[in-house]
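Below is one structure, written out as structure tokens, with a few remarks after it.
In this note's numbering, the protein residues as written are 4 to 403.
Here it is in structure tokens:
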């Protein structure tokens with residue numbers, strides 16, 4: 004399909020198989036995330052242990068990024084989606100049945116493993132299914148589909164908790180994973196012939212061959228990941244620091260999520276028509292400015308304004324990491340490369356909260372936004388330079 008002309012390509016032709024699995028799967032994940040710590044606490048976990056159980060979702064994803072890329076290369080995107088959905092359904096069912104924190108922790112870790120394989124397979128399918136002229140919009144919509152699911156999931160989860168109890172959320176997540184696996188099974192295996200030929204390529208050889216890309220653009224992706232992680236790693240802590248009620252915080256996050264979703268399509272258009280740097284810079288810059296303003300906030304209105312600013316940059320950058328990965332991915336060893344790319348994103352997403360936690364422990368919670376703000380402003384220079392270089396190289400290639 005990538006050889007078709009722009010006029011022949013229509014997003015609606017691939018909408019169901021491309022985006023429906025992401026929406027339903029992220030609905031399940033979105034419903035589970037807010038209650039994981041509560042479930043762990045119900046099973047007897049301390050506050051620190053409950054936080055570790057939540058972190059295991061990201062740790063599982065981080066630990067299996069490279070093996071997941073190798074798996075996609077060997078069996079293809081469609082089968083990976085089906086297996087990942089089935090594995091996640093099993094993990095969520097075990098979480099529902101769990102009677103100990105240890106069993107719940109294992110289930111969460113396995114869910115993180117399946118999630119990273121799911122994401123790599125989704126990205127690989129869209130690279131094959133869309134022409135380069137529409138690639139960024141395709142990735143932006145993929146990012147938007149995750150955001151939509153994560154927004155809707157907790158709303159549905161609240162109703163399920165009211166009628167059936169906390170543990171019912173895990174059965175809901177399992178059902179969503181089964182649905183995503185079934186829908187994923189409908190999609191064509193556009194890259195299967197390539198997977199047969201290249202499944203033998205080792206992850207190490209592919210990453211070494213593209214080491215300069217990972218040392219430049221890969222670091223830019225880590226910076227973006229760290230900056231974005233303040234939404235979940237810093238903003239809730241600051242809201243608690245200024246003594247906002249939980250219901251107010253939830254409303255603020257819901258409003259920021261709506262800003263995120265609303266900017267998905269404009270961000271995708273900018274990515275395709277104005278280049279990747281025009282979108283990548285605001286993602287990191289908005290976090291830098293927002294974090295430096297955060298110590299000045301003292302109520303819901305001022306915190307909401309900062310969250311809206313960060314959401315503005317983040318919404319415009321929907322799909323930016325996946326788009327950059329799609330641009331840089333080689334034809335030979337693409338899935339292995341995307342596994343490494345996913346690892347960069349996971350390092351940023353996991354490292355951000357750890358950085359916030361360390362700063363708060365060593366100094367105070369007030370020091371964390373200042374340090375993250377300065378980091379993001381400095382990181383903006385790196386992101387802008389190297390993504391600008393990649394934009395120019397892509398334009399030269401398109402003109403050749």
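We treat Cβ as the ideally placed atom computed from N, Cα and C, and that holds for glycine. Just so we're clear, the structure is a prediction, and the values are computed from it rather than from any experiment.
- Within the segment 160 to 240, the alpha helix (DSSP H) runs of at least 4 residues that lie entirely inside it are, in chain order, 171 to 187, 195 to 201, 206 to 212, 222 to 231, 233 to 236.
- Taking a C-beta distance under 8 Å as the contact criterion, residue 282 and residue 323 qualify as a contact pair.
- The three-state secondary structure of residue 78, taken from DSSP, is helix.
- Here the segment 129 to 143 makes contact with the segment 312 to 329; the two share three or more CB pairs at distances below 8 Å.
- Contact between residue 21 and residue 128 holds, since their C-beta atoms are separated by about 7 Å, short of 8 Å.
- Of the residues assessed, residue 400 falls on the exposed side of the cut-off, its CB having fewer than 16 other CB atoms within 10 angstroms.
- Contact between residue 120 and residue 83 holds: CB atoms are separated by about 5 Å, below the 8 Å threshold.
- The straight-line gap separating the alpha-carbon atoms of residue 72 and residue 186 is approximately 21 Å.
- If you ignore the 5 residues before and after residue 54, its C-beta comes within less than 8 Å of the C-beta of 40, all in its own chain and listed in chain order.
- Comparing alpha-carbon positions, the option among 173, 166, 215, 101 lying closest to residue 331 turns out to be 215.
- Counting the other CB atoms within 10 Å of its CB gives residue 217 a total of 16 or more, which places it among the buried residues.
- Secondary structure of residue 400 (DSSP, three-state): helix.
- In this structure, the straight-line span from the alpha carbon of residue 392 to that of residue 115 is close to 33 Å.
- Our two residues, residue 104 and residue 209, have alpha carbons roughly 38 Å apart in a direct line.
- Three or more Cβ pairs closer than 8 Å define a contact, and the segment 370 to 384 meets that threshold against the segment 225 to 240.
- Distance between residue 340 and residue 89, taken at the CA atoms: about 24 Å.
- Around residue 300, the same chain offers 245, 306, 309 as residues with beta carbons nearer than 7 Å, after the five sequence neighbours per side are excluded.
- Taken atom to atom, the span from the alpha-carbon of residue 62 to that of residue 219 is near 24 Å.
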